[in-house]
Amino acid sequence: MSLQGLGATPLHRWNVERCHWMLVAAAVLLAFTGNVRAEDGYGLWMRYAPLAPALAADYRTQLGEVVAPDQTPTQRAAREELVRGLSGLLGRAPRMNTVAITAPTVVLGTPQSSVVIAPLRKEMDALGDEGYLLRHAQIDGHDVLLVAAPHDIGVLYGVFHLLRLLQTGASLDALEVRESPRVRLRLLNHWDNLDGYVERGYAGRSLWDWQTLPEWRDPRYTDYARANASLGINGTVLNNVNASAQSLAPDYLAKAAALADIFRRYGIRVYLSARFSAPIELGGLTTADPLDPAVQRWWRDKADEIYTRIPDFGGFLVKANSEGQPGPQDYGRSHADGANLLAAALAPHGGVVMWRAFVYAHDVPADRATQAYTEFVGLDGAFLPNVIVQVKNGPIDFQPREPFHPLFGAMPRTPLMMEVQITKEYLGFATHLVYLGPLYEEVLQADTRARGEDATVAQFLTAIAGVANIGNDRTWTGSHFDQANWYAFGRLAWNPQHPSRDIAAEWAAMTFAPDPEVVQPIVEMMMDSREAAVNYMTPLGLHHLMARGHHYGPGPWVDGGPRADWTSVYYHRADRHGIGFDRTAGGSNAVGQYAPEVAAEYGDLARVPEPLLLWFHHVPWDHRMASGRPLWDELIGRYTQGIRQVQGMQATWAGLRGRVDAQRHAQVDAFLSLQRREAQWWRDASVAYFQSVSGRPLPDGETAPPHPLAWYEALQFPSAPGDGR
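In my numbering, the protein residues as written are 299 to 1023.
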């Protein structure tokens, strides 16, 4: 089959193009070789390290030539990524062919850009706007691997999928893959301030250099876009939800537009966090009342201005009437009034409003876990169609373990978006190895029973957002293993059914080596790590035990201050008789916000899952646990078990010395030592406090904390990173 219909060039022009791409590949290989020597983590899961010689030789026989259009920016991005990947993985650049299929070939394209793909038009339509097809086929007697999609962005996603298969050593024989995202909007939320500081960020300063934008477009912005596109992430909120009105000022819109120009060819839309009082602070108005015509006009004009600069602007993320942020309740209006004000301004342009349900009342409620449901469930159906209510995965605040948020399944007439943290505000920052894939999977697959059985949280999602752990650190995320949480978020946002263990195996193979003797132990470390952190921090459903403000280290004794629900004692309620927050019908009745079947399970001391026991019940210290031990013994044992689990990770990692490059092995080893020390600190400080409250002796075999409680209470950490200002 001839490819002349694809716009083939004369032979001499083909030779020039081939030379160009050989030079591009050589440059990629040179840069890649430097990265291999350094192995500093910059390459993320896109290292494209050379494969074993036999495997590389086999792939070269199947992928010797590439036919790919390059008429649009996204087409060029797909083509460049494939050349980069094949050059690194296979040790040489593929031949670029636009004349005819004369050898085993990879063909990229859409029905509009490729005569080879055109006959598949009807099949392509079923894949949706972002889907793709990978298929092994025979054309003119030659093996052909098709990377086909209805639109260019799907082709790019398909290229990344193909490179993932190669990096993990998968067979390409009889390849047949059809992929489409299960969730429409898949976003990162950056909590970056305009001065470069990142709230709850543990990987250095902001990636965005606002001072040098828009003139200087750091190449790192492109690598950021590549990494997100490799996961199917299609949006990014550039600035902190605790927003400055200046982010909507003309000079900052020009800077955001420069980033949008870079991200666009990778299928990524730019969003901005909007400060509700911006009409006052930027527009000189005396009010931000959402029902005021002048306020409505100001937001319409601002939306028009933004879309003039950024035609594909995604929309606004808004934190309102929470933690001191301005909002519609300042004027006696509802959350729906506030969200609809902005939604009406964006609607003519196709933008959306993501309105956060993370709210605090001015008066401390009887149970903060109930507040978001109380404020929002009655507004179901009151929001305009382009409003999405953004709900945290659990009802408190990104704890090591929480039940799923009761709003999932409770607002059937309102699009919902789940918000999770990728940055580990309550999970040891960047220095503790805690793989969050199991946490995400746990909540996504939680059965809400909102429509009877099999009504998982994932089924109610229009969108999903991850609070980013990305900064200007060379590793991007502050540590090598924290990259896995960015990766897992993206993969689960694309497909919430994807097992987190399989995702861990993919990431380990691409990040370190596809050798099973490397991948298997790393995966076991990762899959155990979240439960280890729960054990040494907040076992059995305890929550919010972290130190005040910075949330670094234990603080179960924290009390007093401006709000009771910012203290640890508010949540654990330990006394001489027992421990835990009573959220049953006889307590705060938070269980009543769940579907009846779920409420019956959570509210029954005999049926509640033990990992959530102290979340929903105040339990006597002598309560008999599933292990046969009393609660007091079980609690202390869980703390100690967490330490042992970290020691197990240390031993596993030590066994990989020589199989993982020395630079990365040394840093992970050092961080695991730090984690082991801090896990012991968590255990000892928590045991010292709870023993002082309960008055009980330690179980046999358990060692006493080496310091008195006052010593732990006196520790200060003024330089802890990521704290609010």
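We put the beta carbon where it would ideally sit given N, CA and C, even for glycine.
Measure the beta-carbon distance from residue 681 to residue 642 and round it to whole angstroms, keeping in mind my assumption that it falls under 8 Å.
Within the sequence shown, residue 681 is the residue found at index 383, counting from 1. Within the sequence shown, residue 642 is the residue found at index 344, counting from 1. Rounded, the Cβ-Cβ distance is 11 Å, inconsistent with contact.
Leaving out five residues before and five after residue 489 in sequence, what residues of the same chain have Cβ atoms less than 7 Å from its Cβ?
If you number the sequence shown from 1, residue 489 lands on position 191. Correct list, in chain order: 496, 497, 498, 499, 538, 539 and 765.
Indicate the three-state DSSP secondary structure (helix, strand or coil) for residue 393 in the structure shown.
Taking the sequence shown and counting its residues from 1, one reaches residue 393 at position 95. In the structure shown, residue 393 sits in a strand (DSSP, three-state: E or B).
According to DSSP, is residue 903 part of a helix, a strand, or is it coil?
Residue 903 sits at position 605 when you count from the first residue of the sequence shown. Residue 903 falls in the coil class under three-state DSSP.
Whose C-alpha, out of 877, 544, 597 and 621, is nearest the C-alpha of residue 861?
The sequence position of residue 861 within the sequence shown is 563, counting from 1. For the residues 877, 544, 597 and 621, the minimum Cα distance to residue 861 belongs to 621.
At the level of alpha carbons, what is the spacing between residue 396 and residue 382?
As a first step, residue 396 must be located in the sequence shown, where it is residue number 98. As a first step, residue 382 must be located in the sequence shown, where it is residue number 84. Cα-Cα distance, rounded: 18 Å.
Contact check, residue 551 vs residue 477, beta carbons under 9 Å:
Translated into the one-based positions of the sequence shown, residue 551 becomes position 253. Translated into the one-based positions of the sequence shown, residue 477 becomes position 179. No, Cβ-Cβ distance for residue 551 and residue 477 is not below 9 Å.
Roughly how many angstroms lie between the CA atoms of residue 597 and residue 706, to the nearest whole one?
By one-based count along the sequence shown, residue 597 stands at place 299. By one-based count along the sequence shown, residue 706 stands at place 408. Each residue's Cα considered, the two are about 30 Å apart.
Outcome for residue 723 when other beta-carbon atoms lying within 10 angstroms are tallied against a minimum of 16
The residue you call residue 723 lines up with position 425 of the sequence shown. Answer is buried; the Cβ neighbour count reaches 16.
Which residues mark the beginning and the end of the beta strand (DSSP E) in which residue 614 is found?
Translated into positions along the sequence shown, residue 614 becomes position 316. Where residue 614 is concerned, the enclosing beta strand (DSSP E) stretches over 613 to 616.
Who are the near neighbours of residue 546 in its chain, counting only those whose CB is closer than 8 Å to its CB and skipping five residues on each side?
Residue mapping note: residue 546 aligns to position 248 of the sequence shown, counting from 1. 570, 572, 573, 576, 580, 600 and 604, listed in sequence order.
Chain B within 9 Å of residue 387, Cβ atoms only:
Although the question refers to chain B, the structure presented lacks it and comprises just one protein chain.
For residue 606, collect the residues of the same chain with a Cβ closer than 6 Å to its Cβ; drop the 5 residues on either side in sequence, then sort them by chain order.
Here the question's residue 606 lines up with position 308 in the sequence shown. So no residue of the chain qualifies.
Which same chain residues, not among the five before or five after residue 914, have their C-beta less than 6 Å away from its C-beta?
On the sequence shown, residue 914 is found 616 positions in, with the first residue counted as 1. If we look at residue 914 and ignore the five residues flanking it on each side, its Cβ neighbours are 881, 900 and 906.
Between residue 331 and the rest of its own chain, which residues show a CB-CB distance below 7 Å, the 5 nearest in sequence each way excluded?
Taking the sequence shown and counting its residues from 1, the one referred to as residue 331 is at position 33. Low confidence applies here, because residue 331 scores a pLDDT of 37, under 50, leaving its location unreliable and the question unanswered by this model.
In angstroms, rounded to a whole number, what distance separates the CA positions of residue 871 and residue 513?
The residue you call residue 871 lines up with position 573 of the sequence shown. The residue you call residue 513 lines up with position 215 of the sequence shown. Each residue's alpha carbon lies about 55 Å from the other.
Cα-Cα separation between residue 526 and residue 902, rounded to whole angstroms:
On the sequence shown, position 228 is the one that residue 526 refers to. On the sequence shown, position 604 is the one that residue 902 refers to. When rounded, the distance between both Cα atoms is 43 Å.
I need the boundaries of the alpha helix (DSSP H) containing residue 635, first residue and last residue.
What you label residue 635 is simply residue 337 of the sequence shown in a count that begins at 1. It spans 633 to 644 - the alpha helix (DSSP H) in which residue 635 sits, taken as one unbroken run.
Please return the same chain residues whose Cβ sits closer than 6 Å to the Cβ of residue 865, not counting the five positions on each side in sequence.
In the sequence shown, residue 865 corresponds to position 567, counting from 1. The answer, listed in chain order, is 856 and 857.
Taking all protein chains shown into account, decide if residue 1015 is buried (16 or more other Cβ within 10 angstroms of its Cβ) or exposed.
Here residue 1015 refers to the residue found at position 717 of the sequence shown. That one is exposed.
Looking only at its chain, what residues have a beta carbon closer than 7 Å to the beta carbon of residue 732, apart from the 5 residues adjacent to it on each side?
Your numbering for residue 732 matches position 434 in the sequence shown. Same-chain partners within the cutoff: 722, 725, 726, 827, 828 and 831.
What does DSSP give as the partner residues of residue 867 in its beta bridges?
Numbered from its first residue, the sequence shown carries residue 867 at position 569. Per DSSP, none; premise fails for residue 867.
For the alpha helix (DSSP H) holding residue 459, just list the boundary residues, first then last.
Your numbering for residue 459 matches position 161 in the sequence shown. Here the alpha helix (DSSP H) through residue 459 covers 450 to 465.
Count the other CB atoms, across all protein chains shown, that sit within 10 Å of the CB of residue 891; report buried if there are 16 or more and exposed otherwise.
Along the sequence shown, read from residue 1 onward, the residue named residue 891 stands at position 593. Buried, since its Cβ has 16 or more Cβ neighbours within 10 Å.
Using the three-state DSSP reduction, which class does residue 724 fall into: helix, strand or coil?
Position 426 of the sequence shown holds residue 724. Coil at residue 724, not helix or strand.
Please state the DSSP three-state secondary structure of residue 337.
Within the sequence shown, numbered from 1, the residue matching residue 337 stands at position 39. In this structure, residue 337 counts as coil in the three-state DSSP scheme.
Look at the alpha carbon of residue 812 and the alpha carbon of residue 467, and state the distance between them as a whole number of angstroms.
Taking the first residue of the sequence shown as position 1, residue 812 is located at position 514. Taking the first residue of the sequence shown as position 1, residue 467 is located at position 169. Approximately 7 Å, taken between the alpha carbons.
With DSSP as the reference, please indicate the residues paired to residue 575 in a beta bridge.
Along the sequence shown, read from residue 1 onward, the residue named residue 575 stands at position 277. Note: residue 575 sits in no beta bridge, so no partner.
Measure from the alpha carbon of residue 685 to the alpha carbon of each residue in 639, 691, 568 and 662, then state which is nearest.
To locate residue 685, count along the sequence shown from 1; it is residue 387. Answer by Cα proximity: 639.
Which whole runs of the alpha helix (DSSP H) in the segment 394 to 445 are 4 residues long or more, in chain order?
419 to 423
Chain-order list of residues whose beta-carbon lies under 6 Å from that of residue 610 (same chain, five-residue window excluded):
The count along the sequence shown starts at 1 and reaches residue 610 at position 312. Result list for residue 610: 567, in chain order.
Length of the line joining the Cα atoms of residue 744 and residue 703
In the sequence shown, the residue the question calls residue 744 occupies position 446. In the sequence shown, the residue the question calls residue 703 occupies position 405. Near 10 Å, if we compare the C-alpha coordinates of residue 703 and residue 744.
Sorted by chain position, which residues of the same chain lie with C-beta nearer than 7 Å to residue 592's C-beta, five sequence neighbours on each side aside?
Within the sequence shown, residue 592 is the residue found at index 294, counting from 1. Excluding sequence neighbours, residue 592 sits near 583.
Count the other C-beta atoms from every protein chain shown that fall within 10 angstroms of the C-beta of residue 309, then say buried if there are 16 or more, exposed otherwise.
As a working mapping, residue 309 is identified with position 11 in the sequence shown. With a pLDDT of 32 at residue 309, under the threshold of 50, the predicted position of this residue should be treated as unreliable, though the coordinate-derived value follows. Flag for residue 309 reads exposed.
Who are the Cβ neighbours of residue 340 in its own chain at under 6 Å, not counting the five residues just before and after it?
For the purposes of this step, residue 340 is taken as residue 42 along the sequence shown, with counting starting at 1. Within the same chain, residue 340 has close Cβ partners 772.
Looking at the secondary structure, which residues open and close the alpha helix (DSSP H) in which residue 552 lies?
The residue you call residue 552 lines up with position 254 of the sequence shown. Here the alpha helix (DSSP H) through residue 552 covers 548 to 562.
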